[in-house]
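K.L.:
There's a structure below that I have some questions on.
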Amino acid sequence: MNVRDAVPKDILAILAIYNRSIRETTSSWTNREESLDDRLTWFEGRKKKGLPVLVAENDQGQILGFASFGPFRPREGYRFTVEHTVYVDPKAQRQGVATSLLSQLVEIAGANGLHLLLGVIDGENTASIALHEKLGFEVTGRLPQAGTKFGRWLDLVLMTRVLNAGMPAPEK
Numbered sequence: 036m037n038v039r040d041a042v043p044k045d046i047l048a049i050l051a052i053y054n055r056s057i058r059e060t061t062s063s064w065t066n067r068e069e070s071l072d073d074r075l076t077w078f079e080g081r082k083k084k085g086l087p088v089l090v091a092e093n094d095q096g097q098i099l100g101f102a103s104f105g106p107f108r109p110r111e112g113y114r115f116t117v118e119h120t121v122y123v124d125p126k127a128q129r130q131g132v133a134t135s136l137l138s139q140l141v142e143i144a145g146a147n148g149l150h151l152l153l154g155v156i157d158g159e160n161t162a163s164i165a166l167h168e169k170l171g172f173e174v175t176g177r178l179p180q181a182g183t184k185f186g187r188w189l190d191l192v193l194m195t196r197v198l199n200a201g202m203p204a205p206e207k
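Written as structure tokens, this is what we have:
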């Protein structure tokens with residue numbers, strides 16, 4: 036498996052993985068699938084801001100999953116905190132794809148002077164929670180019945196990892 040920066044030709048595979056997740060899982064709390072234009076706009080917006088979009092591919096060049104991070108909130112006080120996302124094709128789950136992608140995001144975020152990496156996870160997604168714990172994230176919040184999908188209430192779990200411990204807070 037190879038983890039690399041995504042390029043425009045990867046967008047169709049990224050879109051397929053994301054839309055399948057919308058249809059079949061509670062990873063994304065929406066029922067509206069994205070169009071190719073939606074995902075291209077997302078990709079181009081991330082790239083213009085210098086934000087990573089990574090893909091994991093197998094030896095045949097098939098995209099197995101993707102990951103990115105972006106601003107947690109728009110106010111400048113949050114500029115050192117980013118929220119990440121990781122999606123893996125169901126056929127490639129439990130093969131280390133998410134671990135590789137998230138590990139790479141942790142490295143990139145830390146190297147770019149970010150302070151906190153945040154994962155927002157469906158409370159029933161025990162595999163994702165375990166993955167985050169394995170990579171040094173801690174459960175730092177749980178919002179009961181914060182959302183709904185597939186006719187049921189869903190808990191939201193916040194998991195965080197401090198990247199640059201001891202980093203002094205900026206004066207401004």
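Note that our numbering has the sequence shown beginning at 36, numbered continuously upward. The C-beta atom is built at its ideal place from N, Cα and C for all residues, glycine as well.
Would you mind giving the Cβ-Cβ distance between G154 and H167, rounded to the nearest angstrom? I have them listed as a contact below 8 Å.
P.N.:
About 5 Å; that satisfies the 8 Å criterion.
K.L.:
Counting along the chain, where does the alpha helix (DSSP H) carrying N54 start and finish?
P.N.:
46 to 59 is the extent of the alpha helix (DSSP H) around N54.
K.L.:
Mind checking G158: buried by the 16 CB within 10 Å criterion, or exposed?
P.N.:
So G158 ends up on the buried side.
K.L.:
Going straight from the alpha carbon of F104 to that of W77, what length do you get?
P.N.:
If I take the Cα positions, the gap works out to 12 Å.
K.L.:
Given a cut-off of 8 Å, decide if E68 and R81 are closer than it, judged by their beta-carbon atoms.
P.N.:
No, they are not a contact pair.
K.L.:
Helix, strand or coil: how does DSSP classify T8 here?
P.N.:
With the chain running from 36 to 207 in the structure shown, residue 8 is simply not present.
K.L.:
Counting only runs of 3+ residues fully inside the stretch 77 to 114, write out the beta strand (DSSP E) ranges in chain order.
P.N.:
Entirely contained in the stretch 77 to 114, the beta strand (DSSP E) runs reaching 3 residues are, in chain order, 88 to 92, 98 to 106.
K.L.:
Between L99 and V132, which are expected to be in contact by the criterion C-beta below 8 Å, what is the C-beta distance as a whole number of angstroms?
P.N.:
Between V132 and L99 the Cβ distance is about 5 Å, and since that is below 8 Å, they are a contact.
K.L.:
Over the uninterrupted alpha helix (DSSP H) stretch that includes E206, give me the two end residues.
P.N.:
Looking at the DSSP string, E206 is not in any alpha helix (DSSP H), and its letter there is neither H nor E.
K.L.:
On the DSSP letters alone, give me the boundaries of the alpha helix (DSSP H) that L189 sits inside.
P.N.:
No alpha helix (DSSP H) holds L189; the beta strand (DSSP E) holding it covers 187 to 197.
K.L.:
Which residues share a DSSP beta bridge with N37?
P.N.:
Note: N37 sits in a beta bridge opposite E92.
K.L.:
Checking 8 Å against the spacing of the C-beta atoms, do L136 and V42 come in under that value?
P.N.:
Not a contact, by the Cβ cut-off of 8 Å.
K.L.:
Excluding the 5 residues preceding and the 5 following W188 in the sequence, name in chain order all residues of the same chain whose CB lies nearer than 7 Å to its CB.
P.N.:
Excluding sequence neighbours, W188 sits near Q180.
K.L.:
Figure out for me which residue from I49, T175, R110, L89 has the closest Cα to the Cα of D72.
P.N.:
Answer by Cα proximity: I49.
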